[in-house]
Amino acid sequence: MKIENYQNKFKKVTHVIFDLDGTILDTEKLYRQALFHVAEQHDKQCSNEVVLKIAGTPQPITAKIAREELELPIDNDTFLQIYNGFIIERLGDCDLMPGAEKLIRHFHSHNIPMAVATSSSNKAVQIKTRKHTELFELFEHFVCGDSDPDVKVGKPAPDIFLVCASRFTSVPKPEECLVFEDSLNGVKAGMAAGMQVVMVPEPHVPVEYGHHATLRVDSFHHLKPEHFGLPPIYE
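Quick note on UniProt numbering: the sequence shown kicks off at 1 and runs consecutively.
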């Protein structure tokens, strides 16, 4: 099945907000490898369930969940030192997710305001996006949860999306925003913010996670923006 609608109803939107990791950039496999790397260093077995639990969370929560689930004999700081050390060496060469660039350029060409809401820090975002600088210049602004003082609580709390919406030049109501997310925590955050959420998950994500979203699609190639009152994409 290419497209699934669980709410049977779409509303017109005026603004769009993208998550970054796993939604625009193909980074989730790198985070997965980093988690397995930390586990292996301490003779622990990591599972897909743990990976799914930390997806989309800010780093302090990532460390807390991983340490508890894997019973790691280290503190948060040590975990993040090893975890980030693995990631940082590989982060600057991230590719784009299928269909992401086409959709972003489509929205920009039709003057649809766009922003990015990511749990990452500003420093990490600068490294991740440097391969695609021109594309990311099309966004009005970024909200980086790990380094933004206005984001009090990370995903799955709604804070990051509400802060992001409030910073548009023309400030929309939450219901006028469409969120693109790949993780369950991100989907829950967007829905809690009162926004519609399109889930574009990795293939290994359980199908039932999509039930929390307004819509689940296998990739951006299967999205029809006109469902949300946005300009259609013509091939």
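Every residue, glycine too, gets a C-beta built ideally from N, C-alpha and C.
For clarity, every value in this text was computed on a predicted model and none was experimentally measured.
- Item | Through-space distance from residue 39 to residue 11, alpha-carbon basis | 44 Å
- Query: residue 197: buried (16+ other C-beta within 10 angstroms of its C-beta) or exposed?
  - Reply: buried
- Sorted by chain position, which residues of the same chain lie with C-beta nearer than 8 Å to residue 96's C-beta, five sequence neighbours on each side aside? 24, 25, 26, 132, 135
- With 16 other CB atoms within 10 Å as the buried threshold, where does residue 138 fall? exposed
- Message: Rounded to the nearest angstrom, what separates residue 144 and residue 81 at their Cα positions?
- Response: 20 Å
- Can you say whether residue 19 is buried or exposed, counting buried as having 16 or more other CB atoms within 10 angstroms of its CB? buried
- Query: Which one of 158, 183, 182, 185 has the shortest CA to CA distance from residue 175?
  - Reply: 158
- Query: When you compare each of 181, 193, 211 to residue 22 by their alpha carbons, which one comes out closest?
  - Reply: 181
- Task: Identify whether residue 218 lies in helix, strand or coil by the three-state DSSP scheme.
- Result: coil
- How many Å lie between residue 7 and residue 104 at the Cα? Interpretation of residue 7 is limited by its pLDDT of 46, a score under 50 that renders its predicted location unreliable; the figure taken from the coordinates is listed afterwards. Each residue's alpha carbon lies about 25 Å from the other.
- Where the beta strand (DSSP E) containing residue 116 begins and where it ends: 114-118
- To the nearest angstrom, how far is it from the Cα of residue 106 to the Cα of residue 123? 28 Å
- Message: Taking the beta carbon of residue 206 as the centre, do at least 16 other beta carbons fall within 10 Å, making it buried, or is it exposed?
- Response: exposed
- Task: Please state if the CB of residue 162 and the CB of residue 193 are separated by a distance shorter than 8 Å.
- Result: yes
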